[in-house]
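Before any comments, here is the structure.
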Ligand code: AMP
Ligand code: MG
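Shown next as structure tokens:
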């Protein structure tokens with residue numbers, strides 16, 4: 001129920017004598033435990049950030065998987081008898097690897113980061129879109145791999161590795177690119193990388209009806225694939241993206257949640273949808289300044305310094321922290337705008353629209369917008385149907401005239417959902433979460449009130465994000481110990497505000 005058994009890991013790999021006979025199991029939570037890989041000659045020690053789970057191993061191959069796979073039935077059929085009855089996703093990945101090897105990672109549609117060892121080789125892999133960030137440090141003291149950069153903060157700068165990029169801040173670690181598997185032989189230092197997914201650059205031409213049907217079918221399947229039979233929560237703004245997800249859950253007892261502040265809310269739009277589809281609906285209203293003051297939590301979770309992206313993620317983090325109970329499975333409508341060009345609602349020319357879609361699809365990597373830590377820091381598991389691999393393939397590849405059509409943005413999605421949603425929802429213009437909740441404007445006012453000049457606001461926001469990142473990622477300070485107001489005061493006092501780039 002809820003999330004997968006492992007939502008994050010930190011693993012150190014050193015070469016050594018195999019300890020035959022030891023079953024590789026991860027038995028503790030949040031602390032270092034030894035994992036011995038019997039056949040590989042590699043010693044592991046790791047800790048799961050959440051629940052304990054067995055680490056499957058067979059024929060000298062060992063798999064650690066954080067996250068989950070979707071479309072499991074199709075995968076089991078492809079793998080064949082060795083996957084019959086396999087329900088555990090790590091076991092399924094192991095079966096896939098034993099049949100296909102590392103290129104088998106190209107078969108997986110999931111939300112995961114994985115480490116696989118075989119013989120003297122360690123492979124670190126992200127899902128197609130890198131929705132579970134994965135970091136590596138490869139240095140004199142061996143190879144360390146973790147789903148949070150803060151877990152790898154000790155040690156010198158990592159050597160560069162193919163398929164990885166440097167990350168902001170002073171942690172010295174490297175991030176495995178989205179849709180990439182990096183193979184390292186720790187004993188020799190040899191390393192290579194393969195791509196497991198690339199955003200499509202071609203565009204499919206389809207009649208309206210066929211395009212609408214295809215979008216409906218693929219999204220319906222993605223939502224279904226993300227339900228586990230247990231309770232589900234949808235974070236609902238009442239916009240077309242999240243309303244479609246809520247409508248497609250089609251199970252009883254779905255809970256929908258809306259967040260508002262004193263600076264703004266979308267409560268009416270969300271309630272219209274909740275009433276229409278019959279969910280158990282709740283509204284949470286928080287003080288907008290209190291919301292903005294939780295910025296350290298968003299930085300700690302996303303491990304980024306991009307203030308624009310932090311403005312999207314901050315209200316979500318605040319909402320996840322507010323939710324009563326723990327262990328929820330949360331579905332969101334996040335990400336639909338990227339392949340559909342929804343943020344570019346004023347872009348009327350189709351050549352411009354397709355250009356921004358292509359650019360956005362080639363630059364999302366490293367923004368960590370879908371990091372599971374955003375929800376996991378409040379004990380919840382989040383998943384994003386629009387970034388299902390099949391959905392993303394279809395949405396990205398549709399020709400832009402199906403995305404902007406008859407004067408509408410995201411036309412093909414709106415049409416696909418017409419029968420399941422109220423007309424007011426189908427035709428509702430886009431409102432970003434940072435706008436609806438007032439996050440952007442209130443953070444700005446707080447800076448202006450503190451004496452920051454209007455022209456310096458973007459630089460001051462970035463300076464705050466960097467200062468917080470240094471503490472919550474670079475030094476792994478708990479976000480509760482980092483005061484927004486203190487950081488703001490330091491940033492203003494620092495002469496560097498004048499030179500922040
Ligand atoms: P947006 O920036 O509007 O595209 O929001 C991204 C996703 O965050 C939506 O699809 C919803 O799942 C969720 N969301 C946005 N605004 C709210 C809100 N006010 N309350 C609850 N969930 C929201
Ligand atoms: Mg919205």
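Residue numbers (UniProt numbering): 1 to 501.
Using N, Cα and C, we set each Cβ at its ideal position, and we do this for glycine too.
Three-state secondary structure assigned by DSSP to residue i
i	result
residue 358	helix
residue 191	strand
residue 411	helix
residue 406	coil
residue 142	strand
residue 398	strand
residue 35	A caution first: residue 35 carries a pLDDT of 36, below 50, which makes its placement in the model too unreliable to give a value.
residue 338	helix
residue 484	helix
residue 236	coil
residue 433	helix
residue 448	helix
residue 364	coil
residue 131	coil
residue 26	Here residue 26 scores only 31 on pLDDT, less than 50, and its place in the model should not be relied on; the value that follows carries that caveat. Residue 26: strand per DSSP, three-state reduction.
residue 428	coil
With 16 other Cβ atoms within 10 Å as the buried cut-off, status of residue i
i	result
residue 459	buried
residue 303	buried
residue 400	buried
residue 241	buried
residue 323	buried
residue 349	exposed
residue 363	exposed
residue 67	buried
residue 205	exposed
residue 483	exposed
residue 280	exposed
residue 190	exposed
residue 73	exposed
residue 27	Bear in mind that the predicted position of residue 27 carries a pLDDT of just 30, short of 50, making it unreliable; the figure below should be weighed with that in mind. Counting Cβ neighbours within 10 Å, residue 27 comes out exposed, since fewer than 16 surround it.
residue 24	At residue 24 the pLDDT is 35, less than 50, meaning the model places this residue with poor confidence and gives no usable figure here.
residue 453	exposed
residue 493	exposed
residue 187	exposed
Residue closest to residue i, alpha-carbon to alpha-carbon, out of the options
i	options	result
residue 449	488, 435, 282 and 145	488
residue 2	430, 415, 372 and 397	372
residue 505	326, 220, 430 and 257	The shown model of the chain, from 1 to 501, leaves out residue 505, and the question about it has no answer.
residue 107	76, 131 and 294	76
residue 298	319, 286 and 223	319
residue 509	9, 485, 467 and 437	Residue 509 lies beyond the stretch modelled for the chain, which goes from 1 to 501, so this question has no answer here.
residue 396	408, 358, 429 and 415	358
residue 131	177, 138, 145 and 139	177
residue 105	154, 314, 181 and 54	181
residue 194	174, 164 and 290	164
residue 98	155, 331, 112 and 83	83
residue 154	325, 312, 274 and 475	475
Would you be able to state if there are at least three C-beta pairs under 8 Å between the region 75-95 and the region 166-177? Contact fails between the region 166-177 and the region 75-95, because fewer than three Cβ pairs, one in each stretch, are under 8 Å apart.
Relative to the ligand MG, what is the chain-ordered list of residues with a Cβ closer than 5 Å to any of its non-hydrogen atoms? For the ligand MG, the selected residues are 237, 239 and 431.
Using a Cβ distance threshold of 8 Å, determine whether the region 218-235 contacts the region 246-262, with at least three qualifying pairs required. Contact holds: three or more Cβ-Cβ distances are below 8 Å.
Any 3 or more C-beta pairs closer than 8 Å across the region 323-335 and the region 383-392: With the cut-off at 8 Å, the region 323-335 and the region 383-392 touch.
Could you say if the region 463-477 and the region 303-314 meet the contact criterion of at least three C-beta pairs nearer than 8 Å? Yes, since at least three Cβ pairs between the region 463-477 and the region 303-314 fall closer than 8 Å, the two stretches touch.
Do the region 144-156 and the region 2-11 touch if we need at least three Cβ pairs shorter than 8 Å? Yes, since at least three Cβ pairs between the region 144-156 and the region 2-11 fall closer than 8 Å, the two stretches touch.
I'd like to know if the region 428-440 and the region 258-267 are in contact, where contact means that at least 3 CB-CB pairs between them fall below 8 Å. Result yes; three or more Cβ-Cβ pairs closer than 8 Å.
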